[in-house]
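K.L.:
Here the numbering used here is used: the first residue of the sequence shown is 2, the next is one more, and so on.
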Amino acid sequence: MEDLLKGLNEAQRASVIYNEGPSLIIAGAGSGKTRVLTYKIAALIKMGLYPSSILALTFTNKAAKEMKSRVMSLMGENAVRGLWIGTFHSMFLRILRAEAETLGYTPDFTIYDTDNTKSLIKTILKEKELDVKVYAPNKVYARISQLKNNLIVPGMYQSLPHLYEEDKLEKMPRMQELYTAYANRCKSANAMDFDDILLKTNILFRDYPQILEKYRNKFKFVLVDEYQDTNFSQHLVVKKLTEISRKLCVVGDDAQSIYSFRGATIRNILDFKKDFPDYKLFKLEQNYRSTQNIVAAANSLIRKNSEQIPKDVFSKNEMGGKLKLISAYSDKEEACLVANAIKELKRIDTESSYNDFAVLYRTNAQSRVLEEEMRRILVPYRIYGSLSFYQRKEIQDILSFLKMAVNQADEVALDRSLGLNFKIGETTIKKLQQAAQNAQQSLWEVTNDPVKYGVPLNKGTIEKLKVYTDLIKRFVEFNATHNAYEVVEKVIAESGILRQYQMEDQTPEIKSRIENIQELLSAVYSFVDAKLEVGDESIFLTDFLSEASLATDQDEGEDDKDKITLMTIHASKGLEYKHVFIVGLEENLFPSQYVKTPQALEEERRLLYVAITRAEKTCTILFSKSRFRNGQVEVSRPSRFLNDIGSSFMDVRVNNVAINQNALHKSSFSPRPILSRPTMTSNSSVQSTSSAEIVMKQTDIQVHEGSDIIHEKFGQGKVIQYDSIGGKITVVFENSGTKNLLLKFAKIVVLN
Numbered sequence: 002m003e004d005l006l007k008g009l010n011e012a013q014r015a016s017v018i019y020n021e022g023p024s025l026i027i028a029g030a031g032s033g034k035t036r037v038l039t040y041k042i043a044a045l046i047k048m049g050l051y052p053s054s055i056l057a058l059t060f061t062n063k064a065a066k067e068m069k070s071r072v073m074s075l076m077g078e079n080a081v082r083g084l085w086i087g088t089f090h091s092m093f094l095r096i097l098r099a100e101a102e103t104l105g106y107t108p109d110f111t112i113y114d115t116d117n118t119k120s121l122i123k124t125i126l127k128e129k130e131l132d133v134k135v136y137a138p139n140k141v142y143a144r145i146s147q148l149k150n151n152l153i154v155p156g157m158y159q160s161l162p163h164l165y166e167e168d169k170l171e172k173m174p175r176m177q178e179l180y181t182a183y184a185n186r187c188k189s190a191n192a193m194d195f196d197d198i199l200l201k202t203n204i205l206f207r208d209y210p211q212i213l214e215k216y217r218n219k220f221k222f223v224l225v226d227e228y229q230d231t232n233f234s235q236h237l238v239v240k241k242l243t244e245i246s247r248k249l250c251v252v253g254d255d256a257q258s259i260y261s262f263r264g265a266t267i268r269n270i271l272d273f274k275k276d277f278p279d280y281k282l283f284k285l286e287q288n289y290r291s292t293q294n295i296v297a298a299a300n301s302l303i304r305k306n307s308e309q310i311p312k313d314v315f316s317k318n319e320m321g322g323k324l325k326l327i328s329a330y331s332d333k334e335e336a337c338l339v340a341n342a343i344k345e346l347k348r349i350d351t352e353s354s355y356n357d358f359a360v361l362y363r364t365n366a367q368s369r370v371l372e373e374e375m376r377r378i379l380v381p382y383r384i385y386g387s388l389s390f391y392q393r394k395e396i397q398d399i400l401s402f403l404k405m406a407v408n409q410a411d412e413v414a415l416d417r418s419l420g421l422n423f424k425i426g427e428t429t430i431k432k433l434q435q436a437a438q439n440a441q442q443s444l445w446e447v448t449n450d451p452v453k454y455g456v457p458l459n460k461g462t463i464e465k466l467k468v469y470t471d472l473i474k475r476f477v478e479f480n481a482t483h484n485a486y487e488v489v490e491k492v493i494a495e496s497g498i499l500r501q502y503q504m505e506d507q508t509p510e511i512k513s514r515i516e517n518i519q520e521l522l523s524a525v526y527s528f529v530d531a532k533l534e535v536g537d538e539s540i541f542l543t544d545f546l547s548e549a550s551l552a553t554d555q556d557e558g559e560d561d562k563d564k565i566t567l568m569t570i571h572a573s574k575g576l577e578y579k580h581v582f583i584v585g586l587e588e589n590l591f592p593s594q595y596v597k598t599p600q601a602l603e604e605e606r607r608l609l610y611v612a613i614t615r616a617e618k619t620c621t622i623l624f625s626k627s628r629f630r631n632g633q634v635e636v637s638r639p640s641r642f643l644n645d646i647g648s649s650f651m652d653v654r655v656n657n658v659a660i661n662q663n664a665l666h667k668s669s670f671s672p673r674p675i676l677s678r679p680t681m682t683s684n685s686s687v688q689s690t691s692s693a694e695i696v697m698k699q700t701d702i703q704v705h706e707g708s709d710i711i712h713e714k715f716g717q718g719k720v721i722q723y724d725s726i727g728g729k730i731t732v733v734f735e736n737s738g739t740k741n742l743l744l745k746f747a748k749i750v751v752l753n
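1) Helix, strand or coil, according to DSSP, for Glu376 in the structure here?
2) Comparing the C-beta of Val225 with each C-beta of chain D, is any distance below 7 Å?
3) Would Tyr775 be called buried (16 or more neighbouring beta carbons within 10 Å of its own) or exposed?
4) Measure the C-alpha to C-alpha separation of Ser689 and Ser527 and round it to an integer number of angstroms.
5) Are the region 325-335 and the region 616-633 in contact at 8 Å, needing three or more beta carbon pairs?
6) What runs of the beta strand (DSSP E), each 3 residues or longer, lie entirely inside the region 38-63?
7) At what residue ranges does the region 463-494 contain a whole run of the alpha helix (DSSP H), taking only runs of 4 or more?
8) What span of residues does the alpha helix (DSSP H) with Ala28 cover, start to end?
9) Is Asp350 helix, strand or coil by DSSP?
10) When burial is assigned at 16 or more other CB atoms within 10 Å of the CB, is Arg607 buried or exposed?
11) Rounded to the nearest angstrom, what separates Asp357 and Phe206 at their Cα positions?
12) Which value, in whole angstroms, describes the spacing of the CA atoms of Ser692 and Glu334?
13) Beta-carbon within less than 7 Å of Ser234's beta-carbon, same chain only, minus the 5 sequence neighbours each way: which residues are those?
14) Under 7 Å Cβ to Cβ from Met504, same chain only, skipping five residues before and after it: list those, please.
15) Could you pull the start and end residues of the beta strand (DSSP E) that Phe582 belongs to?
16) Please classify Asp411: does DSSP put it in a helix, a strand, or coil?
17) Which whole-angstrom value is the C-beta distance of Ser640 and Leu602, which I expect to be below 8 Å?
18) Among the residues of its own chain, which have a CB less than 7 Å from the CB of Phe89, if the five just before and after it don't count?
19) Give every residue of the same chain whose Cβ lies closer than 7 Å to the Cβ of Ile749, excluding the five residues on either side of it in the sequence, and list them in chain order.
20) In whole angstroms, what separates the C-alpha of Gly497 from that of Ser649?
21) Can you give me the Cβ contacts of Leu237 inside the same chain, cut-off strictly under 8 Å, excluding the 5 residues immediately before and after it?
22) For Val456 versus Lys474, is the C-beta distance shorter than 7 Å?
23) Throw me the rounded Cβ distance for the Ile583 and Ala612 pair, which I believe falls under 8 Å.
24) Hey, could you find the ends of the alpha helix (DSSP H) Leu170 is sitting in?
25) Asn365 and Ser387 - do their beta-carbons sit closer together than 7 Å?
26) Spell out the partners DSSP gives His236 in its beta bridges.
27) Would you give the residue range spanned by the beta strand (DSSP E) that Ala329 belongs to?
28) Please confirm whether Asp255 and Gln309 have their CB atoms less than 7 Å apart.
29) DSSP state of Arg383, grouped into three classes?
30) Please return the same chain residues whose Cβ sits closer than 7 Å to the Cβ of Asn736, not counting the five positions on each side in sequence.
31) Among Arg417, Leu164, Glu244 and Ile396, which one has its Cα closest to the Cα of Glu516?
32) If I measure Cβ to Cβ from Asp652 and keep anything under 6 Å in the same chain, skipping five residues before and after, which residues do I get?
33) Determine the burial state of Ser685: buried for a count of at least 16 other Cβ atoms within 10 Å of its Cβ, exposed for fewer.
34) In three-state terms, what does DSSP make of Ile518?
35) Where Ala44 and Asp4 are concerned, what is the direct C-alpha to C-alpha distance, given to the nearest angstrom?
36) How is Ile259 classed by DSSP in three states: helix, strand or coil?
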């Protein structure tokens, strides 16, 4: 045993060898959590426990695979044969298959994935003639999932009147009827959905004491990884298995509890001592990942939370530099600053590859401007755990309508857009395609007049097609006399795509889709705005679609191994990088605008803690003083969390000048008034609306070569050339490079 334990520090060793009763191991960021779990399993086997009597539960297959591999390297393959190690769902699915007949299933029952589940819900809604705009399938699915994870079966619904009141407020008073029908259909199909695995295991252990006793006797020791991420159902099944033997070890970090939107509750780890009062607490406080400054900064932040298990994480690594806090004038300049800083760091740290860099953000929509900048300067990048901006479903859906507005012969765009919100199924589309082939006409021509081409359709379907073609014709007509921004704004408003998402239950996924659609509008605004500012009148939808297509084409290129990683902070948990950049530290973005309670605010602070502790060597935080959101430029305020980080651990820079952290919130640059959207007249010349005349046409602005200026998007720069006749200026910006701007459209403030 001593040989096995010699590689552990004192705290790790103590937590590994304690097996007298329940234990809670609080593992700070980078403290060797996986190492402790691995060694604990190995130690249990070394002490004489059969591998088949050990149950180790994880949250991902990757974590389970890595843990099992490490145990095998310590003990040998034969020594760990039979070990029960895997995700909650995979392990309890094994139990359910073994005990299926007790619950009225056959052992080969089907598991419905999300698509299967939603398809069945749609079928039931159609049979009951319920309006899918009110009873949106995603919304119904989310509600059923929530009920199951709280161990509420259909039969319990009537005894819990608050459930009906909640559903009535959501305008879904027939929710119990739907839940009952859905559960019955699954049972008759000999099927379970993903949430059923935990629900049915709890029911099995609750209603059949002899089966519970069987598995209590089987599992002599239970270990749980990432306990702060467990939900009520997972917590309860673990408690049932171990409440007699008390042979339980859970590992986690309350400071990294960030998944409440998935049903996880921090209460499970904070209240562990209530369920197991005889527990022993261990704290792994040495961080092996990060520099001392990064660890100290993260500690100073998380101490502001009231709900936590106190600990003092420390590092014996090098002191390292302070966290850098940099302000940008806009999200555009923020992206430029990140890209430039990465190139400079890579130049200084010659041993680093692009794989050593990560850029973290609060919302998926923030990736768009970062992607554009990475492509502009030819820096390789990957989007981790998500699609690139223009590949996301909601963006592709809107693009299909935009493509139809400029090219009705685009069959791919027609096929996709026709299938959205018009209740036109594949059978109808195939009939239209066949008729088009027979008549040697475009699919649009046939769709526009199906009667003329003898397509066998009923009157209702023909009416739906007319609604679609009339909409496309309106878009085509509007596109002829308006710029790209106005066309996209109209398509988003009238296609119904955004409205459909707004009507659904506002899950994190749906909120992300809405934010992405708003970010598309921001992208088009920036496109038109930038073109006008340099005197380029190619601001039409065709021009924008060309740029978007090129971006998508680059996204689909070869997946080079050496790339910068762009990802949400939620996706970064468990990962580590030499150099980390955290962008968008602004109020209503981080913390999120959806935060309404003190508990939610503390989770947002934990999220920033997770982001900072991903960094090994350097951590750079950025915020923007203005950001284009919801169709307009908004003045941003620095996040309150920035004042939570100890001033001795941060190098604060505003306009590239070091300032006192207390002055941070007084340094925001107020951008000029938002430009009214430029419109196109019938002769295609650029005009500004009267309300924007004074802002857009700055013919009276006093500027000369050598003038220092501030630009709303590009930040601070110096005029190096002024063409008074052409009304153009050439500016070298500190972070955004050299730009040629048309003075009458340039959104600048002259400093001298």
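By construction, the Cβ of each residue, glycine as well, lies at the ideal position given by its N, Cα and C atoms.
P.N.:
Per the coordinate set shown:
1) The sequence shown places Arg at residue 376, rather than the Glu named in the question. Helix, per DSSP.
2) No chain D is present in this structure, which holds just one protein chain.
3) Outside the displayed span of the chain (2 to 753) sits residue 775, for which this structure offers no information.
4) Here Ser689 scores only 32 on pLDDT, less than 50, and its place in the model should not be relied on; the value that follows carries that caveat. Ser689 and Ser527: Cα-Cα distance of roughly 16 Å.
5) At 8 Å Cβ cutoff, the stretches touch.
6) 55-59
7) none
8) Looking at the DSSP string, Ala28 is not in any alpha helix (DSSP H); the run it does join, the beta strand (DSSP E), is Ser24 to Ala28.
9) coil
10) buried
11) 47 Å
12) Bear in mind that a pLDDT of 26 at Ser692, under 50, signals an unreliable position, so the number given afterwards is only what the model happens to contain. Cα-Cα distance, rounded: 27 Å.
13) Asn150, Leu152, Leu199, Leu200 and Asn203
14) Hits under 7 Å: Lys134 and Ala137.
15) Here the beta strand (DSSP E) through Phe582 covers Tyr578 to Ile583.
16) coil
17) Their Cβ separation, rounded to whole angstroms, is 11 Å, which puts Ser640 and Leu602 out of contact at 8 Å.
18) Leu58, Leu199 and Gln235
19) Taken in chain order, the residues that qualify are Ile710, Ile711 and His712.
20) 51 Å
21) Leu152 and Asn203
22) Going by C-beta atoms, Val456 is not nearer than 7 Å to Lys474.
23) 5 Å
24) Pro162 to Leu170
25) yes
26) Partner residues in a beta bridge of His236, as assigned by DSSP, do not exist.
27) Leu324 to Ala329
28) yes
29) strand
30) Only Glu334, Cys337, Leu338, Asn341 and Gly716 meet the Cβ criterion.
31) Ile396
32) Lys323 and Lys325
33) Unreliable placement is indicated for Ser685, whose pLDDT of 33 sits below 50; the coordinate value is still reported in the next sentence. With fewer than 16 other Cβ atoms within 10 Å, it is exposed.
34) helix
35) 11 Å
36) coil
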